[in-house]
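Engineer: Pasting in a structure now, in structure tokens, and then I'll have a few things to ask.
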Amino acid sequence: MRAGLVLLGAGALLLGACEREQRDFGGDAAASAPNEQIALSTIAPGGAPPLVEITGRGEEYEGNAYQLSEGERLFHWFNCTGCHGNGGGGSGPPLIDSEWLYGSAIENIAASIREGRPNGMPSWRGRIPEEQIWQIAAYVRSMAGAVPDDAEPGRNDDMSGRPGENRMPPATPDAG
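Per my numbering, residue 55 is the first one in the sequence shown, and the count goes up by one each step.
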């Protein structure tokens, strides 16, 4: 009896000493926002083209198929299509051309997403983690065809004029 009470007391002590494991699921978006200063274009009309400060960070996103596909997923998930359509524009400017008001370098696109722009583009600083901002910026560049072809994501089957190859019925070869 006495041994059972000792075991019960020891078990209670061990359970009381346990702590719940603390995990970080996704991190703090505001803490990941950098303080880097990317030269943005001025709001004044006319003048020189947008200034670009190349940081080199965009290279790891533009040439990586996984980063581009994650950017595509996030582009739709954050409802960028609500303003920019599927790249052809809408209430926001089109993203499939190569002439951009605030610069077409990935650093300028990431800055536009992070800081926002006058007349409609909201600032996502502190709301989207920095890595996801760069993924979206890389995908936006891929819409304009500015990334390597071997990394560029293909069109979704629902945007194609016909079903995907794996969804087509088997066809017999034409003897010609």
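Glycine included, every Cβ here is placed at the ideal spot set by N, Cα and C.
Classify Glu221 as buried or exposed, calling it buried when 16 or more other Cβ atoms lie within 10 Å of its own Cβ.
Structural biologist: In the sequence shown, counting from the first residue as 1, residue 221 sits at position 167. According to the sequence displayed, residue 221 carries Arg and not Glu. Under this definition Arg221 is an exposed residue.
Engineer: Output the distance between the C-alpha atoms of Glu114 and Asp228, rounded to the nearest integer angstrom.
Structural biologist: Against the sequence shown, residue 114 aligns to sequence position 60. Against the sequence shown, residue 228 aligns to sequence position 174. Approximately 45 angstroms, taken between the alpha carbons.
Engineer: Thinking just about the alpha-carbon of each residue, which of Met197, His130, Asp203 is nearest to the one in Ile150?
Structural biologist: By 1-based counting over the sequence shown, the position of residue 150 is 96. For the residues Met197, His130, Asp203, the minimum Cα distance to Ile150 belongs to Met197.
Engineer: Applying the 10 Å Cβ sphere with the 16-neighbour rule, what's the burial state of Ala157?
Structural biologist: Along the sequence shown, read from residue 1 onward, the residue named residue 157 stands at position 103. A small correction: the amino acid at residue 157 is Gly; Ala does not occupy that position in the sequence shown. The residue in question, Gly157, is buried, as its Cβ has 16 or more Cβ neighbours within 10 Å.
Engineer: Given this structure, state the Cα-to-Cα distance separating Val201 from Gln189, to the nearest angstrom.
Structural biologist: Stepping through the sequence shown from its first residue, residue 201 is reached at position 147. Stepping through the sequence shown from its first residue, residue 189 is reached at position 135. So the alpha carbons of these two residues sit roughly 13 angstroms apart.
Engineer: Helix or strand or just coil, what does DSSP make of Gly136?
Structural biologist: Position 82 of the sequence shown, counted from the first residue, corresponds to residue 136. In the structure shown, Gly136 sits in a helix (DSSP, three-state: H, G or I).
Engineer: Helix, strand or coil for Gly125? Go by DSSP, reduced to three states.
Structural biologist: As a working mapping, residue 125 is identified with position 71 in the sequence shown. Looking at Gly125 - three-state DSSP - the assignment turns out to be helix.
Engineer: Taking its Cβ as the centre, do 16 or more other Cβ atoms sit within 10 Å of Leu155, making it buried, or is it exposed?
Structural biologist: For the purposes of this step, residue 155 is identified with residue 101 of the sequence shown, where counting begins at 1. Classification of Leu155: exposed, given that the 10 Å Cβ count is below 16.
Engineer: Expressed to the nearest angstrom, what Euclidean distance is found between the alpha-carbon atoms of Gly136 and Gly143?
Structural biologist: The residue labelled residue 136 in the question sits at position 82 within the sequence shown. The residue labelled residue 143 in the question sits at position 89 within the sequence shown. Rounded to the nearest angstrom, the two C-alpha atoms are 9 angstroms apart.
Engineer: Sorted by chain position, which residues of the same chain lie with C-beta nearer than 6 angstroms to Glu124's C-beta, five sequence neighbours on each side aside?
Structural biologist: Here residue 124 refers to the residue found at position 70 of the sequence shown. Closer than 6 angstroms at the Cβ level, and outside the excluded window around Glu124, lie Gln189.
Engineer: Measure the C-alpha to C-alpha separation of Gly110 and His138 and round it to an integer number of angstroms.
Structural biologist: In the sequence shown, counting from the first residue as 1, residue 110 sits at position 56. In the sequence shown, counting from the first residue as 1, residue 138 sits at position 84. Distance between the alpha carbons of Gly110 and His138: 26 angstroms.
Engineer: Leaving out five residues on either side along the sequence, give the residues of the same chain with a beta carbon under 7 angstroms from the beta carbon of Gln186.
Structural biologist: The count along the sequence shown starts at 1 and reaches residue 186 at position 132. Answer for Gln186: Leu128, listed in chain order.
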